[in-house]
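With positions in the sequence shown counted from 1, the corresponding number in this note's numbering is that position plus 35. A virtual CB, placed ideally from N, CA and C, is assigned to each residue, including glycine. Values in this document were obtained by computation on a predicted structure and should not be read as measured data.
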Amino acid sequence: MNRAVDPWSMTVTRLGDWKLNERATAHGSALNGSSVRQSIASTDKPIIRVLDQPSAQTLIVSWCDARSGHYGYQTWCEVVARVPGICALTGRLIEIGDAIYRPRLTGPTPANAHAMICARSVSLIEQPI
Numbered sequence: 036m037n038r039a040v041d042p043w044s045m046t047v048t049r050l051g052d053w054k055l056n057e058r059a060t061a062h063g064s065a066l067n068g069s070s071v072r073q074s075i076a077s078t079d080k081p082i083i084r085v086l087d088q089p090s091a092q093t094l095i096v097s098w099c100d101a102r103s104g105h106y107g108y109q110t111w112c113e114v115v116a117r118v119p120g121i122c123a124l125t126g127r128l129i130e131i132g133d134a135i136y137r138p139r140l141t142g143p144t145p146a147n148a149h150a151m152i153c154a155r156s157v158s159l160i161e162q163p164i
């Protein structure tokens, strides 16, 4: 008997298999566990580029992330951190009172509105001559 395979059922089954492989990887029993872990981790962080610094208080940032979207030319403004956080550019710890850049909140709130870039990290970026 030749049964037609429902594409949705097939997708759900494959997702279930992927979850099983992920659990096995977490316990170290999968053959290619490291490659699975790397591929999952590599999509975990946004791709961030500082495109320009039109003034000492503003940055133009390209932000690309599978979860929060793509902002190709986003203005970030320098402010003082009111809460602790992590620098999206370097992973450096940000403490209350540190100088940071945050996305400018004009119009609809961007999905990356919570993100911070440490101002000291920006000064470390090579500027063109």
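In this structure, Cys99 lies near His105, with their beta-carbon atoms less than 9 Å apart. Annotation: Gly107 to Arg155 spans about 23 Å, alpha carbon to alpha carbon. Residue pairing of Thr110 in beta bridges, as defined by DSSP: Ile95. Short of 8 Å from the beta carbon of Ile95, and not among the five residues preceding or following it, lie these beta carbons of its own chain, in chain order: Val85, Leu86, Asp87, Gln88, Pro89, Tyr108, Gln109, Thr110 and Trp111. A Cβ-Cβ distance of about 20 Å is found for the pair Gly132 and Ala148, leaving them out of contact under the 8 Å criterion. Residue pairing from DSSP places Ala134 in a beta bridge opposite Val115. Judged by DSSP in its simplified three-state form, Ser156 adopts helix. When the beta-carbon positions are compared, Ile135 and Val114 come within less than 9 Å of each other.
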